[in-house]
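There are 2 protein chains.
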Amino acid sequence: MLEKFFNPDSVAIIGASRKEGKVGRVVLDNIREGFKGNIYPVNPGADEIDGVKCYPAITDTPPVDLAIIVVPARAVPSILDECGAKGVRNVVVISAGFKESGASELERECIEITKRHGIRMLGPNCLGFINTYSDLNASFSGSMAIKGNIGLASQSGALCTAILDWANIRGIGFSTFISLGNKADISENDIITVLSEDEKTKVILLYLEGIKNGREFMDIASVHKKPIVVVKAGRTRSGAKAVSSHTGTLAGSDAAYTSAFNQSGVIRAASLEEMFDYGLAFSCQEIPSDNGIAIVTNAGGAGVLAADACESLGIKIASFESKTIEILRSSLPDAASIYNPVDVLGDAHPDRYRSAINAVINDSNVNGIIVLASPQAMTDMKGIAEILVEADRASSKPILASLMGGEQTVEGEKILSMNHVPNYPFPERAARAMHAMIAYANITARVYTSPPDFDADRRSVEDILNRSRREGSRRFGVECLPILEKYGIPIADSMVVSTRDQAVKVADSIGYPVVIKVISSEISHKTDVGGVRTGIKDAQELRVVYEDMIQRIHRYMPGARIKGILIQKMLENGREVILGMNRDPQFGPMLMFGLGGISVEVLKDVTFRIAPITEKDAEDMIKEIRAYPMLLGIRGERPSDIGAVKETLLRFSKLCMDFPEITEIDVNPMLVFEHGCVAVDMRLTLEE
Amino acid sequence: MLEKFFNPDSVAIIGASRKEGKVGRVVLDNIREGFKGNIYPVNPGADEIDGVKCYPAITDTPPVDLAIIVVPARAVPSILDECGAKGVRNVVVISAGFKESGASELERECIEITKRHGIRMLGPNCLGFINTYSDLNASFSGSMAIKGNIGLASQSGALCTAILDWANIRGIGFSTFISLGNKADISENDIITVLSEDEKTKVILLYLEGIKNGREFMDIASVHKKPIVVVKAGRTRSGAKAVSSHTGTLAGSDAAYTSAFNQSGVIRAASLEEMFDYGLAFSCQEIPSDNGIAIVTNAGGAGVLAADACESLGIKIASFESKTIEILRSSLPDAASIYNPVDVLGDAHPDRYRSAINAVINDSNVNGIIVLASPQAMTDMKGIAEILVEADRASSKPILASLMGGEQTVEGEKILSMNHVPNYPFPERAARAMHAMIAYANITARVYTSPPDFDADRRSVEDILNRSRREGSRRFGVECLPILEKYGIPIADSMVVSTRDQAVKVADSIGYPVVIKVISSEISHKTDVGGVRTGIKDAQELRVVYEDMIQRIHRYMPGARIKGILIQKMLENGREVILGMNRDPQFGPMLMFGLGGISVEVLKDVTFRIAPITEKDAEDMIKEIRAYPMLLGIRGERPSDIGAVKETLLRFSKLCMDFPEITEIDVNPMLVFEHGCVAVDMRLTLEE
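First to last, the protein sequences are chains A and B.
Mind the numbering: the first sequence is residues 7 to 694 in my numbering, read in order.
Mind the numbering: the second sequence is residues 7 to 694 in my numbering, read in order.
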C-alpha cells in the first residue's frame, strides 16, 4: 500500500524555496539531482525556482503521488487539508515544531486530518527519505545514499545524517533510507511491511527509541521474510530518561522489548556499529544452514582471538571430517595447523589460502567461514581478497573476512567491498556478525505455532472479578485462587470462612494439617502481621490459632477489615515456583516464571515472555532459568512435573489474554510435585 | 636494567645479508633508516653491504650494546656463545625454528647459554622491536611506528604487523613496540618493568596468550605506575586449544587470569579494538578523579545511546549542580535539554558547544565529558573539534569525543588527533573507553595492604600431612579437619573412633545429637554409600546406626578400607558456605568462596581470588556472590557472622600459602551462625 509512497512518479515540494541553503530549497535541489519523475515546487510567491515552474498551491499542480511539506508547523494542518482535497495520498512532513517541542495538540490535529482524507504521513519532524533505485533523495540530507540492498529506518534524524555520511565513505549501500521523525502516522510497523515486500531490500535495519504499537510490531515482525536488526535505545534508566526528554516517547520496560524481539525473531544489536556489522553480513552473504564454522588464518594469534569470540558467543568451531583433514594435511606445509582454526602460516601465498578454503568449505560440518589475514612479509592481501571472492562465488556458505591492518589492506578491502564479501577490521567483529547470521538461521528454522487453546470458564471469572470490583477494591489476594481453577489450573483445596466454627467444619472435611490465611484488602503482606499460620494439626489447635490470628490483626492492624479467613489443605514437599504477569504499556501482558524462594528474591533468576505464548515458549521459559536443573532433580531428588508447569503457563497466558482489565497477577507459590502442581497463594490487581 | 636493551648506542646484525628482501637485509635496512648509533653488520661472506662495513664475526666488531640474530635456528647457540664471549649483554633472536615448531631442546640450550653469560634475550621467533624515540626499527617489520606514548608488546608477531599497519593509518603512535616471540627469556614481566620506568610511555598495552610467571606478574603489575591494558587470548576452551597448538603455551584457567588481573590492577580488554580504544584514551587524557560524567550532544539519539552505554557499564550520568543548570538554561535555547545528557540541538554552532562544555566541565559532580556530534545541516565539525581542543587544554578532566560520520568528520577528526583528543566513531565506544579510565581511577585509589598474618601451628599441620602421606594416599577427608583447627578455623567437635563402644563413649561426652561419617580413602562421596548418618539422638540409636553403616559399606563397597568412623556434634540452623582451593599452574593457589547447596551446584554462584588475599579481598569475595543478601539475612532472618567468614577466608589463604604440597582443598560445608562459623566436612588432595 505504501509502494507509491516510496516509489512515486511525481513529487510536489510544498514550501519550496528560492533561497539557497533553506530547507525548502535543499529538498528541491536534492530531488532534482536524480529523480526522473515529475517535480512540482509549490510556493505562492514564486513563478519558478532555478528554472523549474512553480505552483501557487498544491491545488494548482497536476496530480501528484507524493507531497513533501516544508512549511512552518502551524501552516501544516491547512496544507494537509489541501492535499486531501487534491487527492494526494502520500505526504512527508519535514517541518518540526510538533510533539517533540510540546505541540502535541498540533500533531493530533494533523493526524486527524490525514485520517479523514486517507493520507499516509511520514514525520513530522523528519529528514525525509531516500530511494536509491528511483534516484530519489526526498530529504534535506546533504548527501545521497549509495545503491545497495540495506533498508534502513531511524527514529533520530540526526543519526540518519551521521549514518549516511559514515556509510558513504565505506561504500555501504541502501535501497531505502527513511527518517521516521515523530511517527505520527507511519511507523516501524509500516516500514517493516513495505521493506519486506521490496525486492531491492535484503535486510532491514532499524534505530528505534520506542515502538508505536508493540502488539502489531510483534505480529508483523513474526511473519517477516528478511532479517530485521534493531538498535533499541533507552534500554537503561538513564537512557530511557534521555529518550523521554528527547522525543517524549514512553520507553516501556526493556525486558519486554527483549522478549518481544526474541519472540518475533528480531535481532537486537547492542550498538549502531554492531547493527552495521550485522547488516553488512546479511546484505551480501547467504544465511548459514546451521551452526558450525571454520576459521582460516595466516596468524595464529588472530585465529585464537576468533576462536575465543566464537565460543563465547556460542558458535561451534566445527570438527572437520577426516577427508578434509587429509586434504589439508597433503596441501599445507607440515608446520601448518590443519585442525580448526586452520593456520596456513605467515608465509602463505594466496594459493595456500585457496587450498585451505576449498577444503573446509566442502566439509559438511562447516556452514560458514571466517577468513583472517595479517599483512606479513610474504602476504599478498590483494591476492587473498581475490581468492575470497572466487570462493564466495563458488559456494553458498557465508564467508566473512577480516583483513587486519591499514595501508596494506586497502587494496584487498576494495576488492572485497566491490564483490560483496564483508570485511571486518578485527576478527571479533567478524565473529559477532557470523553469530547474528547463525541466530537468524535459527529464527528461520522456527516453526511458528499458534498458542494452544483450552476450555475455560470465562464467564465465572467475569463474575468473580465483577463481584470483587463491586467491593470497591482493586487488589485481591488468596481468595482469588478460584479464578485460576476456572482456567484449569489446579489450586490447593480451600474455602473462605468467617467464624471459628465454620473453620473447624471446613478443616475437618478437607483434612489436617491445614493452613489458615487472613483475607483483607488492607493487608498485602500477610506473613508480616501473623496473617498466615501453617501446620495446624487438629481442630483444637485450629480453634486456638484462629482466635489468636484475629486478635493479633485487630491489635497490629486495627484499620484492616477482615473479609474472611481462608482454610487451606497444607501441602508438603513440593518445589516452589512463581508465575507472574505485568501489563507492559507497549506489549501488553508480560509473563514471568521462576523458582520461588532465594532464586526469585535474591538472584532474580526469572524469565519473561509476552503473552500469548506457544508451547515452545512455555518449554523455553522453564528451561531458561538458571535453576532449571533443580526442576529436573539434582542429587538423586525426584524430578518435578515439568509437563504440568508447562500446561499451567499456557493456561495462565490464556487467562491474562482474556482479561485485559487484570493489570498484575502473582501466583506465589505454586507447588510442583513429581505428579502435578498446585497454586497455593496469589495476588491480583485490576486496572483503575 | 633493560634500558640499554631498548635504547642501545650500537647494534650488530648477526646474519646481515646482501640479498634484498631477505630478513637479514630487511633488518639491516630498517635499522639504517633512522638509527643514529653505530651499526655493525656481521656476515662471514661479505666485506660490506650496501656500503656499510661488514664483520666476519661478532668477535671482530667494536663493542656493541645489542645484537640482532637472524641466522638459522641451529646456528643460534654458537652465536649466543660468541656474543657472551664478546661481552654482548642484549640480544634479539629473530630466527624461528625453536619451541614453536617442536625444537624445545634447542630453545633450552639457548636459554642455558644466555644464563651462563648473563645475556638478556628477546625471542626467539619474534619480529624484533621498535623504539621510536631513538628512531630504531630493530625488526623486520615493513613499516616504522609513529612516535607516541603507547608502549606495546605482543606475543604474536603476525598481530604486531597487523597492529602497526592499522595504527599507522590512524596516526596512533608508540614509544616502544615489542614482539615477544617465544618469551624464552624476556617476558611480559620484564616489559612491564622497563616500560613503567620509561618516561616516554604513558600506557602499556599487551597482547598475551599466556603468562610466563603468574606470581611475579601479579607482583610487578600491582606496583605499576601506569595503566596496563591486556588482551588475554585463549579465554575459552576453543581459544585455549588454538593457543596451545599455536605456541605451545599452557593456557591455565581463565578464571585465574581474571582474578589475577583484577587483583593486580590490570585492565582486561575483550578485543584488540577495545585495547586500542582504551589505549587511545589513556595515552592522551588525564585519569578522572572519580565516577560521574557529562554527555554533550547535538543529536538526542546519540545522547541516548551514550547514556545507555554508560549506565550499563556502571558509569554515573552526573546530576548537575544548580549553578550549572542555571548557566545552561541561560546560555542554551529553550528547546535544548539542560539536564544530563545535554542536548545543544541539531542547529548548534561551535559556540553553543563551548557554552555547554564550559558549564559542565566546571561542575564538581562531573569528572569527565563525552562530547558527541552528528553532521547536520548547520554543523561545523571543524569548529566543534577546535572547541574540544580548547576545552581539553583548559581542563584536567578527561574529554572523549565521538564525531559521528564519514566525509564530514574527516577534518574534525584530524584536528582532534593532532591535538590528542581521542575520537571514537560511535558513542558506545567512547563510553567504554571512559569506563576503562574510571576503572583505572579506582585502581589507583586502592590501598594495597599486605595479607594479615596469624599465629598458626604450622608444625602440627606438617605432622598431620606427613602421617597421612605415610599411609600412602593422596586424598583425605573429614579426618583432616584438625588441619583447619591448627590454623585457627573453628571445626565441629569431633573424634575418630574404630569401635562401636568407643563411638558411644565419644558421643556421650560430645553430647547428642551427633553425626557419624565413615573415613576411607576409597570413598570420596560418603553420602552416596550411606557413609554419613545425621541426627542420632542417643546411645541406643548410635549403636544401631553404627553397625548398619559398617555393614552397608562392606556390602556395597567391599574393597573400601575403613580407617575409622568420625563422631561429630550435630550442628543445626547454620547457613552453609563452601571454601575451596585449587592450584592454578600459572598463579598458584586460587581460592573459591560461595554459599552452599543450590548456589554452588546449580547456579555456580562462586567467586575466586589468587592467594594470599588481603582483608579487602576477603570482604569483596563475600560481597561479590550474588547470594550475598542471604548472608545479610533476608525476610527478617538473622544475619550471618560475616566477620567470622572473613577471618576464616584469611586463615584459609595462609594455610594454602604455607603448604604448596596441598593441591586442592574443599571445606564443604562450613556452617555460619549469627555468631561464629564452624567447618563441618572437608576434602584435601596432596600433590603426587
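Every residue, glycine too, gets a C-beta built ideally from N, C-alpha and C.
Beta carbon proximity, residue i to chain A, threshold 8 angstroms
i         : result
ALA168(B) : yes
ALA262(B) : no
ASN579(B) : no
GLU413(B) : yes
Cross-chain neighbours of residue i in chain A, by beta carbon under 8 angstroms
i         : result
TYR213(B) : GLY307
ARG632(B) : VAL608, LEU609
Under 9 angstroms from the C-beta of residue i: neighbouring residues of chain B
i         : result
THR242(A) : ALA313, ASP314, ALA315, CYS316, GLU317, SER318
ASN695(A) : The question about residue 695(A) has no answer here: the residues shown for chain A are numbered 7 through 694.
ARG176(A) : GLY412
Proximal residues of chain B, C-beta to C-beta of residue i below 7 angstroms
i         : result
PRO381(A) : THR167, ALA168, ASP171
PRO635(A) : VAL608
ILE19(A)  : Correct list: empty, because the minimum Cβ distance to chain B is about 16 angstroms.
Within-8 angstroms CB hit, residue i to chain B
i         : result
ILE640(A) : yes
ASN13(A)  : no
PRO675(A) : no
ILE753(A) : A question about residue 753(A) goes unanswered here, because the residues of chain A that appear run from 7 up to 694.
Neighbouring residues, chain A, relative to residue i (Cβ below 7 angstroms)
i         : result
VAL249(B) : VAL310
GLN592(B) : Chain A residues near GLN592(B): none, gap ~17 angstroms exceeds 7 angstroms.
ALA239(B) : GLY307, VAL310, LEU311, ASP314
Cβ-Cβ separation, residue j to residue i (assumed contact under 8 angstroms), whole Å
i         : j         : result
LEU211(B) : LEU165(B) : Rounded, the Cβ-Cβ distance is 11 angstroms, inconsistent with contact.
VAL651(B) : ILE671(B) : Rounded, the Cβ-Cβ distance is 16 angstroms, inconsistent with contact.
ALA439(B) : TYR284(B) : 6 angstroms
SER162(A) : ALA313(B) : With a Cβ gap of about 13 angstroms, SER162(A) and ALA313(B) do not count as contacting.
THR654(A) : ILE489(A) : Rounded, the Cβ-Cβ distance is 13 angstroms, inconsistent with contact.
Chain B residues whose Cβ lies nearer than 8 angstroms to that of residue i
i         : result
GLY245(A) : VAL310, LEU311, ALA313, ASP314, GLU317
GLY352(A) : GLY163, ALA164
SER107(A) : ALA341
GLU279(A) : PRO431, PHE432, GLU434, ARG435
Evaluate contact between the region 212-222 of chain A and the region 580-598 of chain A, counting only Cβ atoms and requiring at least three cross-stretch pairs below 8 angstroms. yes
Would the region 20-30 of chain B count as touching the region 42-51 of chain B if we require 3 or more Cβ pairs under 8 angstroms? yes
Using a Cβ-Cβ cut-off of less than 9 angstroms, list which residues of the region 416-434 of chain A approach chain B; keep chain order. VAL416, PRO431, PHE432, PRO433, GLU434
What residues from the region 333-346 of chain A come within 8 angstroms of chain B, judged by C-beta to C-beta, listed N to C? ALA341, SER343, TYR345
Would you check if there are 3 or more beta carbon pairs closer than 8 angstroms linking the region 340-352 of chain A to the region 463-475 of chain A? no
So, do the region 119-136 of chain B and the region 92-103 of chain B have three or more beta carbon pairs nearer to each other than 8 angstroms? yes
Does the region 304-324 of chain B come close enough to the region 276-294 of chain B to have 3 or more Cβ pairs within less than 8 angstroms? no
Contact residues within the region 129-153 of chain A, judged by C-beta distance below 8 angstroms to chain B: PHE146, GLY148, SER149
Is it a yes or a no for the region 609-622 of chain A touching the region 448-461 of chain A, going by three-plus beta-carbon pairs under 8 angstroms? yes
Taking Cβ-Cβ distances below 7 angstroms as the criterion, which residues of the region 99-127 of chain B are in contact with chain A? SER107
Does the region 512-528 of chain B come into contact with the region 599-608 of chain B, if we say contact requires no fewer than three beta-carbon pairs (one atom in each stretch) closer than 8 angstroms? no
If you pair each beta-carbon of the region 427-446 of chain A with each one of the region 266-279 of chain B, do three or more pairs fall below 8 angstroms? yes
Check whether the region 538-552 of chain B and the region 632-652 of chain B are in contact - that is, three or more C-beta pairs closer than 8 angstroms. no
Whether or not the region 671-686 of chain B and the region 566-583 of chain B are in contact is what I'm after, with contact meaning three or more pairs of Cβ atoms, one per stretch, closer than 8 angstroms; do they touch? yes
Evaluate the contact criterion for the region 27-46 of chain B versus the region 131-144 of chain B: three or more CB pairs, one atom per stretch, below 8 angstroms. yes
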